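Per my numbering, the sequence shown runs over residues 999 to 1255. Reviewing the structure listed below.
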Amino acid sequence: MNYIIESQQESQRLEKQNALPQYSILEELKFLELDLNGKKILDAGCGTGTLTRTLAQNFHADISGCDASLERIQEAKILSKDSLSFFQADLTAMPLPENEYDVIIVRFVLEHTLSPHKIIHELTRILKPGGHLVVIDLDGLIFNLHHQDEQLGRQLDLLQKHLPIDLYIGRKLPRMLMEADLELSECHVQPMLFQGTELESEVENMRMRFFQCESMIKQIIGEDQFEIFTQSYTSEMRKAHAIFCNKFIVSGKKPGK
Ligand SMILES: C[S@@+](CC[C@H](N)C(=O)[O-])C[C@H]1O[C@@H](n2cnc3c(N)ncnc32)[C@H](O)[C@@H]1O
């Protein structure tokens, strides 16, 4: 049940999401004190490669991206006009020797996977001593909504209890990096607030997220409840008028050097 979705709609969702100011990669990178110039960098779980391209446009570095989804990789290559290197790989078992990269950035991936610890350990293995692992993930996401719908509340309780993925991973990242024997070097929290037309874009983004995870949600709340759930959730988002989510930007250094 990992979040590896082979569908054109998911590529479109990622591109639209990254175009919203709340998901601005350049703003995220401003939080980091790392100098990325001259480094060997991996965008791990690169999706359609928006971060990979942003890095290439802003830094003189040796940059590549990888993802488990072949469709995402193909899309990333097309969008980058074949000017960047992308390869298919499972982050839980990287086909690479130790000590390969100076910096690895893993953005919006761990919150969707069943094995975040395994991925952190595997990415740490392929970092050079003194290299940095940067993790960017949300915290709370669907559970942040203030709603006044009892049935929706029961469905969200079920999801909170039974979802196999961790939507509260943001707050856990510092500890997870320390437990992987990385030295915590930076931890920032960026609040994301959606109002007006941006709220409408996030409503559409959320609706698409739900449809991408339809079978997982149906297994938890029931086949016949999915449509009711998505409709009441998006309707309550609009009624809330202001939606928020915290984005964690955390980095850890591999000891040595
Ligand atoms: C929400 S998308 C984020 C994509 C990109 N990092 C971004 O910020 O736009 C999550 C990506 O992680 C990839 N992914 C999930 N589990 C993975 C794994 N075990 N190995 C490699 N990629 C994985 C998915 O295929 C998907 O492209």
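Positions of the beta carbon are idealized from the N, C-alpha and C atoms, including for glycine. All values reported here derive from a predicted model rather than from experimental measurement.
**Study point:** Contact check, Gly1129 vs Val1107, beta carbons under 8 Å
**Key:** Position 131 of the sequence shown, counted from the start, is the residue given in the question as residue 1129. Position 109 of the sequence shown, counted from the start, is the residue given in the question as residue 1107. No, the Cβ-Cβ distance between Gly1129 and Val1107 is not below 8 Å.
Practice item. Note down the Cα distance separating Asp1179 from His1119, rounded to an integer number of angstroms. Key: Here residue 1179 refers to the residue found at position 181 when the sequence shown is read from its first residue. Here residue 1119 refers to the residue found at position 121 when the sequence shown is read from its first residue. Looking at the two C-alpha atoms, the distance is approximately 9 Å.
**Study point:** Burial state of Met999, where buried means 16 or more other Cβ atoms lie within 10 Å
**Key:** Counting from one through the sequence shown, the residue named residue 999 turns up at place 1. Residue placement at Met999 is poorly supported in this model, since its pLDDT is 35, which falls under 50; the coordinates still yield a value, given next. With fewer than 16 other Cβ atoms within 10 Å, it is exposed.
Point to revise | Tyr1099 in three-state terms, based on DSSP | key: Taking the sequence shown and counting its residues from 1, one reaches residue 1099 at position 101. The DSSP-derived three-state label of Tyr1099 is strand.
Practice item. Tell me, please, whether the stretch 1222-1242 touches the stretch 1040-1053 by the rule of three or more beta-carbon pairs shorter than 8 Å. Key: Pairwise C-beta distances place the stretch 1222-1242 out of contact with the stretch 1040-1053, as fewer than three of them are shorter than 8 Å.
Exercise for review: To the nearest angstrom, report how far apart Lys1251 and Leu1182 are at their CA atoms.
Suggested key: Within the sequence shown, the letter at position 253 stands for residue 1251. Within the sequence shown, the letter at position 184 stands for residue 1182. Distance between the alpha carbons of Lys1251 and Leu1182 is about 6 Å.
Review point. Should Cys1243 be listed as close to ligand 1, given that the test is whether its C-beta is under 7 Å from any heavy atom?
Key: Start at 1 with the first residue of the sequence shown, and residue 1243 comes out as number 245. Checking every heavy atom of ligand 1 against the Cβ of Cys1243, none is found closer than 7 Å.
Check your understanding: Can you tell me whether DSSP reads Phe1084 as helix, strand or coil?
Key -> Locating residue 1084 in the sequence shown gives position 86, counting from the first residue. Phe1084 sits in a strand when the DSSP states are folded into three classes.
**Study point:** Assigned secondary structure, Val1201 (DSSP; H/G/I helix, E/B strand, else coil)
**Key:** Residue 1201 sits at position 203 when you count from the first residue of the sequence shown. In the structure shown, Val1201 sits in a helix (DSSP, three-state: H, G or I).
Practice item. Out of Leu1191, Gln1149, Leu1171, Pro1253, state which residue places its alpha-carbon closest to the alpha-carbon of Gly1220. Key: The sequence position of residue 1220 within the sequence shown is 222, counting from 1. Of the candidates Leu1191, Gln1149, Leu1171, Pro1253, the one whose C-alpha sits nearest the C-alpha of Gly1220 is Gln1149.
**Study point:** With 16 other Cβ atoms within 10 Å as the buried cut-off, status of Met1176
**Key:** Along the sequence shown, read from residue 1 onward, the residue named residue 1176 stands at position 178. With fewer than 16 Cβ atoms within 10 Å of its Cβ, Met1176 is classed as exposed.
Point to revise | Proximity to Ala1059 [Cα-Cα], best of His1115, Arg1205, Lys1038 | key: Working through the sequence shown from its first residue, we reach residue 1059 at position 61. Minimum Cα distance to Ala1059 is reached at Lys1038.
Practice item. Run the CB neighbour count on Arg1207, radius 10 Å, all protein chains shown included, and call it buried at 16 or more, exposed below. Key: As a first step, residue 1207 is located in the sequence shown; it is residue number 209 there, counting from the start. It is buried - the Cβ of Arg1207 has at least 16 other Cβ atoms within 10 Å.
Point to revise | Cβ pair Ala1240, His1145 closer than 8 Å | key: Here the question's residue 1240 lines up with position 242 in the sequence shown. Here the question's residue 1145 lines up with position 147 in the sequence shown. Taking C-beta atoms as the reference points, Ala1240 and His1145 fail to come closer than 8 Å.
Review point. By the 10 Å Cβ neighbour count, where 16 or more other Cβ atoms means buried, how is Gly1194 classified, buried or exposed?
Key: Residue 1194 sits at position 196 when you count from the first residue of the sequence shown. Result: exposed.
Check your understanding: For the alpha helix (DSSP H) that Ile1219 lies in, which residues bound it at each end?
Key -> Residue numbering aside, residue 1219 sits at position 221 when the sequence shown is read from its first letter. Per DSSP, Ile1219 belongs to the alpha helix (DSSP H) from 1212-1219.
Check your understanding: Taking the DSSP output, what are the residues bridged to Phe1242?
Key -> To locate residue 1242, count along the sequence shown from 1; it is residue 244. Its beta-bridge partners are Leu1191.
Point to revise | Strand pairing of Arg1105, partner residues [DSSP] | key: As a first step, residue 1105 must be located in the sequence shown, where it is residue number 107. Assignment of beta-bridge partners to Arg1105 by DSSP yields Ile1134.
Review point. Closer than 7 Å: is that where the CB of Val1248 sits relative to any heavy atom of ligand 1?
Key: Translated into the one-based positions of the sequence shown, residue 1248 becomes position 250. For ligand 1, not one heavy atom lies less than 7 Å from the Cβ of Val1248.
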